[in-house]
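Participant: Structure in C-alpha cells, see below.
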Amino acid sequence: MTRTAFKRLALALAGGTLCAMISLFEMVQPLDRLLYDAIIETNPLAQADDIVIVAIDEGSLMELGRWPWPRERHVQLLRELTRLDVKAIALDIIFSEADSDYPEVDQLLAKAMRAHGRVLLPVFVGQTGQRTLVEVKPIPILAAAAADLGHVHIELDSDGAGRSVYLFDGIGAPTSPHYSLALARLTDEAPAELPGTINSKRPLKFMPKTIIRDYHNLIPFMGPAGTVASVSYVDVLRGRVSKQQLQNKIVFVGATAAGQVDNHTTPLGQISGVEINANIFHALRSGDLIQQAPARWLAAVVFFATFFSIIFFTQLEPKALLLAIVISCAALPVISWIALSWLGLWASPVPVMVSLILAYPLWNWLRLDAAVNFNHRQLRLLEQDNQELHVKARWEDIERTAQFLHDLGYLQRWSLDKYVAGNPKNQGWRHAGLHSQCIYTIAEESRQLQLFWTTDSETISARLNEFFPTTLTASTSETADNLIQSDLALLEEAYSDASQNRELLRGTMEQLTTGIILCGLGGGILIINKQARVLLASGENVHTAMDVLKQLELDNAPDVKNLVSNLVIKGERFTHEGRCRASARELLCKGRLLILEKPLILITLTDVTDMKHSELKRAEALDFLSHDLRAPLTSVLALIESAKQQD
148 MTRTAFKRLA LALAGGTLCA MISLFEMVQP LDRLLYDAII ETNPLAQADD IVIVAIDEGS
208 LMELGRWPWP RERHVQLLRE LTRLDVKAIA LDIIFSEADS DYPEVDQLLA KAMRAHGRVL
268 LPVFVGQTGQ RTLVEVKPIP ILAAAAADLG HVHIELDSDG AGRSVYLFDG IGAPTSPHYS
328 LALARLTDEA PAELPGTINS KRPLKFMPKT IIRDYHNLIP FMGPAGTVAS VSYVDVLRGR
388 VSKQQLQNKI VFVGATAAGQ VDNHTTPLGQ ISGVEINANI FHALRSGDLI QQAPARWLAA
448 VVFFATFFSI IFFTQLEPKA LLLAIVISCA ALPVISWIAL SWLGLWASPV PVMVSLILAY
508 PLWNWLRLDA AVNFNHRQLR LLEQDNQELH VKARWEDIER TAQFLHDLGY LQRWSLDKYV
568 AGNPKNQGWR HAGLHSQCIY TIAEESRQLQ LFWTTDSETI SARLNEFFPT TLTASTSETA
628 DNLIQSDLAL LEEAYSDASQ NRELLRGTME QLTTGIILCG LGGGILIINK QARVLLASGE
688 NVHTAMDVLK QLELDNAPDV KNLVSNLVIK GERFTHEGRC RASARELLCK GRLLILEKPL
748 ILITLTDVTD MKHSELKRAE ALDFLSHDLR APLTSVLALI ESAKQQD
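The numbering of the sequence shown is the working numbering, which starts it at 148 and goes up by one.
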C-alpha cells in the first residue's frame, strides 16, 4: 500500500468514525433540528376538512367574560354540539376539581357528555407540594361520563420546541394513551399497528416516581397557527354557527386566546396546544407520523456513507473535489427531504455533511504536505544532479577566475582580502584607471576582490559581471527562512539550471558535424539538430522519425522502416551506409536504443560523401598506375623469356 493510499484509508476511517460518533451522541443536535425544522416547514401535512377547533378566543372572552367560565357554559356548548351532530368532541379543558359553588352543574355536564357519547377528556401529570408526581384526571363523575381519557403531553426538546410526541405515557408505566390516540380509537380511525419507536429502556417493574413513555413519533404539521379550521366558542354557544359547518366533524375544544393558551414553540412557530393535538390526530389516522431512524442503525449507515465518500472524493482533482463536496452537501438534505416525504423517516444528514466538510481541508493539508515533501526531495536531488553546473558562491571559484585572467595576461596581480572597513554591503564593481574592486559577502564573511590590469582593458572590465557575478550568495536555499522559501529558492535554482542545461545541449548539438535524431518509442522527434535536417534535406515542419528518414536509401540492407521496426521491437542496433535521395549526400546511418526510464531511439547520421570521393579517386589513381606499369613489366618479362630460350 502506498503512503497516499494509507493516508486516504486513515482519513476515511477517521471521518467515518467521527460521523458515527456525531450521529450516535447527537453532537450537532442544534444543526440537526435547524435542518429538520426547515424540511418540516417546506413539507406540510395535507389539511383535514373534517377537523374543526371550537376556539376559546379573544372574542369569546370579551363576550362571555374572563376565564374560567362557569361550567354551565360548557354544558350549553356540549348540548349545542350534540344538536349540530358532530362526530366526536375532544374537550381540552381540565376538570380536576368539583364545582363547590354549584355541585349540580357537574352532574349536568356529565349528563351532556353521556348524551353525546363521544366526548374525550384530558389527563396530565402534575406535582404535589412535596414534588411528588401525580396523574391529574377529571373528577370521577366526569371521568366516568367521558368516552375515554388521554394525556395531552407534547415532548419538548432541549431548545424548548415541541417536535415529537409519545403515544403512551404514565407514572411508573406507559398506561395512558395520548389524547390523539384515544380520539382515533373513539372514531374507529386508529391504525392497526401503532407507529413509533418502542422504548427499549422501559423498566420491567413499576416505578412510581418516574414518567415512563413509549411509541415515540415526530410530529408533522398542516401549517402554522390558524391552519386548522376553527369557529369561535361564543358563536357556537349563541347558535351563530350553521349545522353544515360542524355536522359529522371532529371537534377540538380549547383555548387559543392570548394569555389563556398553552402555546408551544414548534418548527412552524408558536401553535396552541389544542391545534397541535389536532395535527397529531390527523397525522396518526392518516399514517403520516414521522419515524426517527434508530440511532445505532443510522450510525452504521452514516459511517459507511462517509467512509466510501471520502475514499472516492480523495481520488479527485482539487477542483473536482471541492465541487463534489459542495454537491454532496446540497444533495444530502434533499435526500433527507425525500425520505421524510415518501417514507415518513427522518435521518439527519448533518453528521455526514460535517464530516465531509472537515475531511476536505484535512485531505488538502495531507495532499499539500505530500506535495511539498515530494518537491523538496526532488529539488534536493535535482540540486545534487546539477551540482557541477551551479554558479556556486565559493571563494575558491573567485580565486580561480582571477588567476585565470592573470594567466591570460590581463592582470598584473590580484588580491582577495577580508573586508573590515565598515558596512560590507555589496555596491557592485568600482573602477579607477587600471584598478577594479568589488566586495563579496558569503556565509556572513565579507572580502574585497581587487584586480590590477596590465592595460586599460575596457572590454574585459565591462564583462566583469559575467566573470564575477555580483549576485552570488552562499546558497539561495541555505539563506531561506523556512522550508517553503527553501523549496522556492531551490525551484528557482533548478529552473535556472534546466535553462542552462537546455541551452548547453542545444548549443552542443548544433556544433556537431554529425546529424542527431532523438525520438520517443512513438516515433515523435524529441531532438533533431540542424546538421541532421541538412543531411536529410528535411524541413522545419517535419516532426516524426519516418517522415525525416523517408529520403534515406541504404546499401545492401532492408529499407529504413524494417530497421527501425527491429530496433524498436527487438532492440537490434544497425549500422548501414546509404545516401539521401534529396541531398545526394553519402551517409553512414547508425541506430540504437537508449535504455532509460522511458526508452528513446537515437539515430546518428555521418556525412561520408568526401570520404567516398577520396576512395574513388584513390582507386582511379591505382588503376592508372597499374596500367602505366603493366606495359614495361610485360616487355621486361618478354626479354627475360627470350634470354632463357637463347641459352
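Each residue gets a CB set at the ideal place from its N, CA and C atoms; glycine is no exception.
Would you decide whether Lys-356 is buried or exposed? Buried here means 16 or more other CB atoms lie within 10 Å of its CB.
Facilitator: For the purposes of this step, residue 356 is identified with residue 209 of the sequence shown, where counting begins at 1. Result: exposed.
Participant: Given that a residue counts as buried once 16 or more other Cβ atoms are within 10 Å of its Cβ, and exposed if not, what is His-872?
Facilitator: Because the chain here runs from 148 to 794, residue 872 falls outside it and cannot be looked at.
Participant: From which residue to which residue does the alpha helix (DSSP H) around Pro-177 run?
Facilitator: The count along the sequence shown starts at 1 and reaches residue 177 at position 30. Residues 176-189.
Participant: Going residue by residue through the stretch 187-275, where are the continuous alpha helix (DSSP H) segments of at least 4 residues, counting only ones entirely within it?
Facilitator: Counting whole runs of 4 or more residues, the stretch 187-275 contains the alpha helix (DSSP H) stretches 205-211, 218-230, 251-263.
Participant: On the DSSP letters alone, give me the boundaries of the alpha helix (DSSP H) that Lys-132 sits inside.
Facilitator: What is shown of the chain runs 148 to 794, which leaves residue 132 out entirely.
Participant: Just the C-alpha distance for Gly-264 and Val-233, rounded to the nearest angstrom, thanks.
Facilitator: Taking the first residue of the sequence shown as 1, we reach residue 264 at position 117. Taking the first residue of the sequence shown as 1, we reach residue 233 at position 86. Roughly 11 angstroms between the two C-alpha positions.
Participant: Are Ala-494 and Ser-483 close, meaning C-beta to C-beta below 8 angstroms?
Facilitator: Counting from 1 along the sequence shown, the entry for residue 494 is found at position 347. Counting from 1 along the sequence shown, the entry for residue 483 is found at position 336. Yes, the Cβ-Cβ distance between Ala-494 and Ser-483 is below 8 angstroms.
Participant: Nearest CA to the CA of Met-174: which residue from Leu-341, Val-400, Val-497, Leu-431?
Facilitator: Walking along the sequence shown from the start, residue 174 turns up at place 27. Nearest option by C-alpha distance: Val-497.
Participant: Tell me which same chain residues have a C-beta within less than 6 angstroms of the C-beta of Phe-460, skipping the five on either side of it?
Facilitator: Here residue 460 refers to the residue found at position 313 of the sequence shown. If we look at Phe-460 and ignore the five residues flanking it on each side, its Cβ neighbours are Leu-468, Ala-471.
Participant: How should Ile-366 be labelled, buried or exposed, when 16 other C-beta atoms within 10 angstroms of its C-beta is the threshold for buried?
Facilitator: Taking the first residue of the sequence shown as position 1, residue 366 is located at position 219. Answer is buried; the Cβ neighbour count reaches 16.
Participant: Quick one: Cα of Arg-150 to Cα of Asn-522, how far?
Facilitator: Taking the first residue of the sequence shown as position 1, residue 150 is located at position 3. Taking the first residue of the sequence shown as position 1, residue 522 is located at position 375. Those two C-alpha atoms are separated by around 16 angstroms.
Participant: For the stretch 396-468, list the beta strand (DSSP E) runs that are entirely contained and at least 3 residues long, ordered along the chain.
Facilitator: Runs of the beta strand (DSSP E) inside the stretch 396-468: 397-402, 411-413, 416-418.
Participant: Leaving aside the five residues before and after Ser-622 along the sequence, list all residues of the same chain whose C-beta is less than 6 angstroms from its C-beta, in chain order.
Facilitator: The residue labelled residue 622 in the question sits at position 475 within the sequence shown. Bear in mind that a pLDDT of 48 at Ser-622, under 50, signals an unreliable position, so the number given afterwards is only what the model happens to contain. So the list is empty, once near-sequence residues are dropped.
Participant: Please classify Trp-561 as buried or exposed, where buried requires at least 16 other C-beta atoms within 10 Å of its C-beta.
Facilitator: Along the sequence shown, read from residue 1 onward, the residue named residue 561 stands at position 414. Result: buried.
Participant: Just list the residues that DSSP pairs Val-481 with in beta bridges.
Facilitator: Position 334 of the sequence shown, counted from the start, is the residue given in the question as residue 481. Paired residue(s): none; Val-481 is not in a bridge.
Participant: Just reading off the beta strand (DSSP E) that Arg-577 is part of, what are its end residues?
Facilitator: Locating residue 577 in the sequence shown gives position 430, counting from the first residue. Segment 577-579, the beta strand (DSSP E) holding Arg-577.
Participant: Assuming His-690 is part of the alpha helix (DSSP H), what are its boundary residues?
Facilitator: What you label residue 690 is simply residue 543 of the sequence shown in a count that begins at 1. No alpha helix (DSSP H) holds His-690; DSSP gives it neither H nor E.
Participant: In three-state terms, what does DSSP make of Asn-676?
Facilitator: Here the question's residue 676 lines up with position 529 in the sequence shown. Note: Asn-676 maps to coil in three-state DSSP.
Participant: Measure the CB-CB distance between Arg-728 and Thr-756 and report whether it falls below 8 angstroms.
Facilitator: Along the sequence shown, read from residue 1 onward, the residue named residue 728 stands at position 581. Along the sequence shown, read from residue 1 onward, the residue named residue 756 stands at position 609. No; because the gap between Cβ atoms is not below 8 angstroms, this pair is not in contact.
Participant: Where does Trp-600 land, buried or exposed, given buried means 16+ other C-beta within 10 angstroms?
Facilitator: On the sequence shown, residue 600 is found 453 positions in, with the first residue counted as 1. Burial call: buried.
Participant: Any idea what DSSP makes of Gly-309, helix, strand or coil?
Facilitator: As a position in the sequence shown, residue 309 is number 162, starting the count at 1. The answer is strand: DSSP assigns Gly-309 an E or B state.
Participant: Quick check on DSSP: helix, strand or coil for Asn-612?
Facilitator: Stepping through the sequence shown from its first residue, residue 612 is reached at position 465. Asn-612: helix per DSSP, three-state reduction.
Participant: Between Lys-745, Ala-291, Val-299, which has its C-alpha nearest Ala-259's C-alpha?
Facilitator: Stepping through the sequence shown from its first residue, residue 259 is reached at position 112. Nearest option by C-alpha distance: Ala-291.
Participant: What is the rounded straight-line gap between the Cα of Cys-666 and the Cα of Arg-739?
Facilitator: As a first step, residue 666 is located in the sequence shown; it is residue number 519 there, counting from the start. As a first step, residue 739 is located in the sequence shown; it is residue number 592 there, counting from the start. Taking the straight line from one Cα to the other gives about 11 angstroms.
Participant: Which of the three DSSP states is assigned to Gly-370 in this structure?
Facilitator: Reading the sequence shown from its first residue, position 223 is the one you call residue 370. Looking at Gly-370 - three-state DSSP - the assignment turns out to be coil, as it is neither helix nor strand.
Participant: Taking 7 angstroms as the limit between beta carbons, can you name the residues of its chain near Gln-392, skipping five residues before and five after?
Facilitator: Indexing the sequence shown from 1 puts residue 392 at position 245. Around Gln-392: Val-378.
Participant: If you draw a straight line from the alpha carbon of Pro-746 to that of Leu-673, how long is it in whole angstroms?
Facilitator: To locate residue 746, count along the sequence shown from 1; it is residue 599. To locate residue 673, count along the sequence shown from 1; it is residue 526. Answer to the nearest angstrom: the Cα atoms are 12 angstroms apart.
Participant: Please report the residue range of the alpha helix (DSSP H) in which Tyr-380 lies.
Facilitator: Translated into positions along the sequence shown, residue 380 becomes position 233. Looking at the DSSP string, the run of the alpha helix (DSSP H) that includes Tyr-380 is 380-384.
Participant: I believe Val-266 touches Leu-296 by the beta-carbon criterion, under 8 angstroms. Please report the beta-carbon distance rounded to the nearest angstrom.
Facilitator: As a position in the sequence shown, residue 266 is number 119, starting the count at 1. As a position in the sequence shown, residue 296 is number 149, starting the count at 1. With a Cβ gap of about 11 angstroms, Val-266 and Leu-296 do not count as contacting.
Participant: Give me the residue from Leu-505, Glu-613, Tyr-566, Trp-512 with the minimum Cα distance to Ala-549.
Facilitator: Position 402 of the sequence shown holds residue 549. Closest option to Ala-549, Cα to Cα, is Glu-613.
Participant: Taking the alpha-carbon positions, what's the Ser-488 to Asn-190 distance?
Facilitator: Residue numbering aside, residue 488 sits at position 341 when the sequence shown is read from its first letter. Residue numbering aside, residue 190 sits at position 43 when the sequence shown is read from its first letter. So the alpha carbons of these two residues sit roughly 7 angstroms apart.
Participant: If you draw a straight line from the C-alpha of Phe-454 to the C-alpha of Arg-155, how long is it?
Facilitator: Start at 1 with the first residue of the sequence shown, and residue 454 comes out as number 307. Start at 1 with the first residue of the sequence shown, and residue 155 comes out as number 8. Cα-Cα distance, rounded: 10 angstroms.
Participant: What do you get for Pro-671, buried or exposed, if any count of 16 or more other CB atoms within 10 angstroms of its CB means buried?
Facilitator: Taking the first residue of the sequence shown as position 1, residue 671 is located at position 524. Checking the displayed sequence, the identity of residue 671 turns out to be Gly instead of Pro. With fewer than 16 Cβ atoms within 10 Å of its Cβ, Gly-671 is classed as exposed.
Participant: Between Ile-236, Gly-317, Tyr-380, which has its C-alpha nearest Arg-332's C-alpha?
Facilitator: Mapped onto the sequence shown, residue 332 falls at position 185. Among Ile-236, Gly-317, Tyr-380, the Cα nearest to that of Arg-332 belongs to Ile-236.
Participant: Take the Cβ of Pro-779 as the centre, count every other Cβ of all protein chains shown within 10 Å, and call the residue buried at 16 or more, exposed below.
Facilitator: The sequence position of residue 779 within the sequence shown is 632, counting from 1. Pro-779 comes out exposed.
Participant: Taking only beta-carbon positions, decide if Lys-677 is within less than 8 angstroms of chain D.
Facilitator: In the displayed structure, chain D is absent; only one protein chain is listed.
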